[in-house]
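Below is one structure, written out as structure tokens; the observations come after it.
Protein chains in written order, with the UniProt record's numbering: chain U, 1 to 321; chain V, 1 to 432.
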């Protein structure tokens with residue numbers, strides 16, 4: 001059984017997936033965007049948490065591969081509905097589906113479902129844990145930005161990426177902190193100290209360098225800046241900075257944009273213009289934000305194809321689980 | 001009825017005979033051997049009946065997970081003859097009616113003495129003191145007060161509870177957890193919680209409460225007991241308080257002597273417990289503290305849960321592990337087989353001292369002639385993989401399922417009455 005539960009994977013496997021996504025990407029230029037690869041397969045998007053963008057992206061990816069895609073939403077936690085996570089998963093599996101894409105507010109829920117239901121599981125974001133397809137699409141978009149049309153087979157060696165925002169609660173940051181270094185990139189986590197995760201003995205956080213000052217990081221002229229969506233209202237009220245405080249320290253303002261040089265800008269969306277970054281930054285030619293959205297479909301096609309196509313030989317994605 | 005146990009290594013020492021007559025141990029040379037039941041105890045360790053100062057028997061209110069009757073079966077299987085039942089039942093054990101109900105259920109169940117623990121605050125809500133004096137004077141004669149599951153975090157309430165306890169010669173057993181530092185916490189806080197995306201429970205949230213409580217206990221001249229110490233930092237605080245002369249005792253749960261947070265990587269909620277499994281360094285510090293007496297006792301924090309409370313996402317699952325059946329094996333593995341403690345030390349940490357803290361009579365002269373016949377025979381050479389069938393309580397949320405543990409409790413006598421024979425519960429009807 002193959003699953004995609006984490007963005008932690010060997011370099012070769014990551015490059016292989018990104019190359020496969022390049023193949024998938026080409027069909028976006030076609031008039032008829034449909035491959036027969038998953039004809040007769042059924043994929044369930046099991047979303048316990050609201051998501052329009054990720055769910056639509058997986059739905060389009062499945063449909064372009066000719067899979068039948070069913071969306072199942074469970075508002076709130078399954079527990080609050082009275083049915084356990086396990087029963088929900090077993091029920092879906094009993095309907096004869098071939099793969100399940102899971103979004104959950106609970107960290108680790110996709111890993112548990114993978115153990116319980118005996119079907120390939122794709123983690124579409126679990127709590128404050130991981131969002132592996134987001135990291136893959138970020139890497140894909142960044143690789144295209146850096147290597148252009150010759151991206152195939154390449155990694156991100158020596159590329160310096162700063163991830164800015166509420167790192168502690170961000171599954172996007174976690175998955176990128178695992179995937180980008182595997183591809184050779186140097187990652188720095190940036191954010192208000194209370195929103196950085198606990199440090200390891202060597203001072204690293206999530207295994208990579210952390211730095212509270214965005215201004216110092218900008219002075220180092222990174223190659224890419226990834227700005228995370230900030231939801232100040234959702235964080236523990238006592239420790240979250242005010243919007244004004246956040247902008248003072250961690251927003252990509254016009255002034256910081258001017259000092260940033262030609263770094264590429266990434267954002268997983270949806271953006272809060274004026275909070276995480278200025279409108280000028282969002283609309284500048286350095287912004288790869290819409291390319292990320294396009295890349296999302298290609299990457300998810302590659303993942304679904306890898307896990308569900310009967311003729312695909314790849315080993316389990318995401319290495320050890 | 002006389003029972004003669006021949007050749008037992010008493011408290012792990014040189015083999016000798018023990019004799020049980022009525023509810024007491026008698027001089028084996030003075031009995032009529034022809035009329036005694038003889039049990040060959042050669043190769044077995046004789047220990048005093050174990051006393052658990054911290055178990056959740058769930059009744060009333062949580063009968064789908066455990067009852068007093070099923071809980072004492074688990075206790076007997078694990079070598080326990082006395083179990084203190086925590087107050088976080090539904091309704092809470094904050095009135096004489098509830099503690100007397102639990103007391104009565106214990107008498108009906110037999111197998112082990114059940115000592116109800118009284119709540120410190122009404123409804124465990126941390127707002128108003130329970131009627132501690134009434135609980136102490138009830139038929140259940142409460143000697144231990146605890147809001148376990150919740151921390152008595154209001155310093156004023158804790159101070160007054162300690163003052164009451166001092167007057168009653170009772171002890172306040174604190175679940176040390178600063179709630180403000182542990183909102184949403186489900187595992188040890190550190191690099192692993194960051195990696196797994198699970199809410200972190202920092203060590204300081206335990207140690208800081210213990211430091212405060214030690215000072216309050218000193219002020220009140222009261223006895224303070226610290227439940228389930230889980231961190232190296234707390235060990236240091238307890239050590240310092242003892243050096244200062246504070247009347248403080250501390251317990252460690254078996255799982256904190258053996259298991260670490262790495263098990264949480266599986267997101268398997270069997271490994272979710274409060275306080276959480278911590279690091280290797282904490283495990284080492286806890287073992288050393290138990291060996292040198294900084295931590296006085298082992299208490300199980302036996303916390304049964306129905307399967308559905310655990311078969312769910314880690315953050316949504318209930319805290320707790322069953323522990324009565326496996327406690328002695330875990331202590332053998334973590335303390336005896338590592339050379340940190342001998343069997344006499346195990347008897348102190350799991351019988352004599354917890355009984356003294358809980359003011360339970362009959363345990364102060366372990367296995368001596370004339371003492372109450374609370375006796376356990378253990379085969380230390382046995383090893384077995386823990387399976388569900390080894391668990392005799394109602395719930396199977398054990399972190400040790402599938403893991404090999406040493407030692408097997410074979411025979412238990414509770415006040416001279418056989419409760420376990422060849423590892424089987426003795427289910428004779430007992431009087432009220």
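All C-beta atoms in this analysis are idealised placements derived from N, C-alpha and C, irrespective of residue type, glycine included. Keep in mind that this is a model prediction, so the values were computed, not measured.
If I measure Cβ to Cβ from residue 69 of chain U and keep anything under 7 Å in the same chain, skipping five residues before and after, which residues do I get? As a first step, residue 69 of chain U is located in the first chain; it is residue number 69 there, counting from the start. Answer for residue 69 of chain U: 43, 45, 59, 62, 63, listed in chain order.
Cβ-based contacts, 8 Å cut-off: residues of the region 110-137 of chain U near chain V: Within the region 110-137 of chain U, the residues whose Cβ lies closer than 8 Å to some Cβ of chain V are 111, 112, 126, 127, 128, 129, 130, listed in chain order.
Out of curiosity, what's the CA-to-CA distance linking residue 115 of chain U and residue 104 of chain U? Taking the first chain and counting its residues from 1, one reaches residue 115 of chain U at position 115. Taking the first chain and counting its residues from 1, one reaches residue 104 of chain U at position 104. Straight through space, the alpha carbons of residue 104 of chain U and residue 115 of chain U are spaced by roughly 16 Å.
Helix, strand or coil for residue 407 of chain V per DSSP? Residue mapping note: residue 407 of chain V aligns to position 407 of the second chain, counting from 1. Strand.
Can a CB atom of chain U be found closer than 8 Å to the CB of residue 434 of chain V? Nothing can be reported for residue 434 of chain V, as the shown portion of chain V is limited to 1 through 432.
Identify the residues that DSSP records as bridge partners of residue 19 of chain V: which are they? Counting from 1 along the second chain, the entry for residue 19 of chain V is found at position 19. DSSP lists V:4, V:26 as the beta-bridge partner residues of residue 19 of chain V.
Name the chain V residues that come within less than 9 Å of residue 85 of chain U, Cβ to Cβ? For the purposes of this step, residue 85 of chain U is identified with residue 85 of the first chain, where counting begins at 1. Annotation: Cβ neighbours of residue 85 of chain U in chain V (cutoff 9 Å, chain order): 311, 312, 313, 316.
Hey, is residue 106 of chain U's beta-carbon within less than 8 Å of any beta-carbon in chain V? Numbered from its first residue, the first chain carries residue 106 of chain U at position 106. By this cut-off, residue 106 of chain U is an interface position.
How far does the beta strand (DSSP E) with residue 84 of chain V in it extend, from its first residue to its last? As a first step, residue 84 of chain V must be located in the second chain, where it is residue number 84. Taken as a continuous stretch (DSSP letters only), the beta strand (DSSP E) holding residue 84 of chain V covers 80-85.
On the three-state DSSP scale, how would you describe residue 326 of chain U? Not covered by the structure: residue 326 of chain U. The range shown for chain U is 1 to 321.
Please confirm whether residue 308 of chain U has its beta-carbon closer than 8 Å to some beta-carbon of chain V. Indexing the first chain from 1 puts residue 308 of chain U at position 308. No, residue 308 of chain U lies away from the interface with chain V (no Cβ there is under 8 Å from its Cβ).
Buried versus exposed call for residue 304 of chain U [16 or more other C-beta atoms within 10 Å across all chains shown]: Taking the first chain and counting its residues from 1, the one referred to as residue 304 of chain U is at position 304. By the neighbour-count rule (16 or more Cβ atoms within 10 Å), residue 304 of chain U is buried.
Counting only C-beta atoms, is residue 198 of chain U closer than 8 Å to chain V at any point? Within the first chain, residue 198 of chain U is the residue found at index 198, counting from 1. Under the Cβ criterion of 8 Å, residue 198 of chain U is counted among the residues facing chain V.
Going by C-alpha to C-alpha distance, which of V:299, V:146, V:320 sits closest to residue 306 of chain V? The count along the second chain starts at 1 and reaches residue 306 of chain V at position 306. Of V:299, V:146, V:320, the residue nearest in Cα terms is V:320.
So the alpha helix (DSSP H) residue 137 of chain U belongs to, where does it begin and stop? Mapped onto the first chain, residue 137 of chain U falls at position 137. Element bounds for residue 137 of chain U: 132-147.
Member of V:161, V:143, V:38 whose CA lies at the smallest distance from the CA of residue 121 of chain V: Walking along the second chain from the start, residue 121 of chain V turns up at place 121. With distances taken between Cα atoms, residue 121 of chain V lies closest to V:161.
Beta-carbon proximity of residue 324 of chain V to residue 84 of chain V, cut-off 8 Å: The residue given as residue 324 of chain V occupies position 324 in the second chain. The residue given as residue 84 of chain V occupies position 84 in the second chain. Their beta carbons are not under 8 Å apart, which means residue 324 of chain V does not touch residue 84 of chain V by this criterion.
Same chain, Cβ closer than 8 Å to residue 51 of chain U, neighbours up to 5 away in sequence not counted: Looking up residue 51 of chain U in the first chain gives position 51. By the criterion of a C-beta distance shorter than 8 Å, residue 51 of chain U is surrounded in its chain by 103, 124, 125, once the five residues flanking it on both sides are discounted.
For residue 164 of chain V, I'd like the list of residues in its chain whose CB is within less than 6 Å of its CB, leaving aside the five on either flank, ordered along the chain. Start at 1 with the first residue of the second chain, and residue 164 of chain V comes out as number 164. Same-chain partners within the cutoff: 132.
Option in U:66, U:270, U:277 with minimal Cα separation from residue 264 of chain U: Counted from its first residue, the first chain places residue 264 of chain U at position 264. Ranked by Cα distance from residue 264 of chain U, the options U:66, U:270, U:277 are led by U:277.
Are residue 82 of chain V and residue 51 of chain V touching if we call contact CB-CB under 8 Å? Taking the first residue of the second chain as position 1, residue 82 of chain V is located at position 82. Taking the first residue of the second chain as position 1, residue 51 of chain V is located at position 51. A distance below 8 Å separates the beta carbons of residue 82 of chain V and residue 51 of chain V.
Would you decide whether residue 219 of chain V is buried or exposed? Buried here means 16 or more other CB atoms lie within 10 Å of its CB. Start at 1 with the first residue of the second chain, and residue 219 of chain V comes out as number 219. Counting the other Cβ atoms within 10 Å of the Cβ of residue 219 of chain V gives fewer than 16, which makes it exposed.
Residue 338 of chain V, buried or exposed, once every other Cβ within 10 Å from all chains shown has been counted against 16: Taking the first residue of the second chain as position 1, residue 338 of chain V is located at position 338. Per the 10 Å Cβ criterion, exposed.
Run of the beta strand (DSSP E) containing residue 292 of chain U, from where it starts to where it stops: Taking the first chain and counting its residues from 1, one reaches residue 292 of chain U at position 292. For residue 292 of chain U, there is no enclosing beta strand (DSSP E); the enclosing alpha helix (DSSP H) has its first and last residue at 289-308.
Taking the straight line between their C-alpha atoms, what separation do you get for residue 209 of chain V and residue 274 of chain V? In the second chain, counting from the first residue as 1, residue 209 of chain V sits at position 209. In the second chain, counting from the first residue as 1, residue 274 of chain V sits at position 274. Straight-line Cα distance between these residues: approximately 15 Å.
Considering only DSSP beta bridges, list what residue 201 of chain V is partnered with. The count along the second chain starts at 1 and reaches residue 201 of chain V at position 201. Residue pairing by DSSP places residue 201 of chain V opposite V:188 in a beta bridge.
So, does the CB of residue 267 of chain V fall closer than 8 Å to a CB anywhere in chain U? Working through the second chain from its first residue, we reach residue 267 of chain V at position 267. Using a CB distance cut-off of 8 Å, residue 267 of chain V counts as an interface residue toward chain U.
At a CB distance below 9 Å, what residues from the region 395-408 of chain V approach chain U? Give them in sequence order. Taking 9 Å as the upper bound on Cβ-Cβ separation, chain U lies near no residue of the region 395-408 of chain V.
On a Cα-Cα basis, can you pick out the residue from V:400, V:381, V:43 that is closest to residue 389 of chain V? In the second chain, the residue the question calls residue 389 of chain V occupies position 389. When only C-alpha atoms are compared, the closest one is V:400.
Counting only the same chain and skipping the five closest in sequence on each side, list residues whose C-beta sits under 6 Å from that of residue 38 of chain U. On the first chain, position 38 is the one that residue 38 of chain U refers to. When the five nearest sequence neighbours on each side are left out, the beta carbons in the same chain lying within less than 6 Å of the beta carbon of residue 38 of chain U are those of 65, 66, 67, 308, in order along the chain.
Residues in the same chain with beta-carbon distance under 6 Å from residue 205 of chain U, minus the five sequence neighbours each way, listed in chain order, please. Residue 205 of chain U sits at position 205 when you count from the first residue of the first chain. Hits under 6 Å: 189, 196, 197, 199.
Evaluate contact between the region 145-165 of chain U and the region 84-101 of chain U, counting only Cβ atoms and requiring at least three cross-stretch pairs below 8 Å. Contact fails: fewer than three Cβ-Cβ distances are below 8 Å.
Look at the Cβ atom of residue 5 of chain U, then the Cβ atom of residue 302 of chain U, and state whether they are nearer than 8 Å. As a first step, residue 5 of chain U is located in the first chain; it is residue number 5 there, counting from the start. As a first step, residue 302 of chain U is located in the first chain; it is residue number 302 there, counting from the start. No, Cβ-Cβ distance for residue 5 of chain U and residue 302 of chain U is not below 8 Å.
Just to check my reading of the structure: residue 196 of chain V and residue 265 of chain V have Cβ atoms closer than 8 Å, yes? What is that Cβ distance to the nearest angstrom? For the purposes of this step, residue 196 of chain V is taken as residue 196 along the second chain, with counting starting at 1. For the purposes of this step, residue 265 of chain V is taken as residue 265 along the second chain, with counting starting at 1. The beta-carbon separation of residue 196 of chain V and residue 265 of chain V, rounded to 7 Å, stays under the 8 Å limit for a contact.
What are the boundary residues of the alpha helix (DSSP H) that includes residue 15 of chain U? By one-based count along the first chain, residue 15 of chain U stands at place 15. Where residue 15 of chain U is concerned, the enclosing alpha helix (DSSP H) stretches over 11-26.
Minimum Cβ-Cβ distance from residue 87 of chain V to chain U less than 8 Å: Taking the first residue of the second chain as 1, we reach residue 87 of chain V at position 87. Interface residue (Cβ-Cβ distance to chain U less than 8 Å): residue 87 of chain V is not classified as such.
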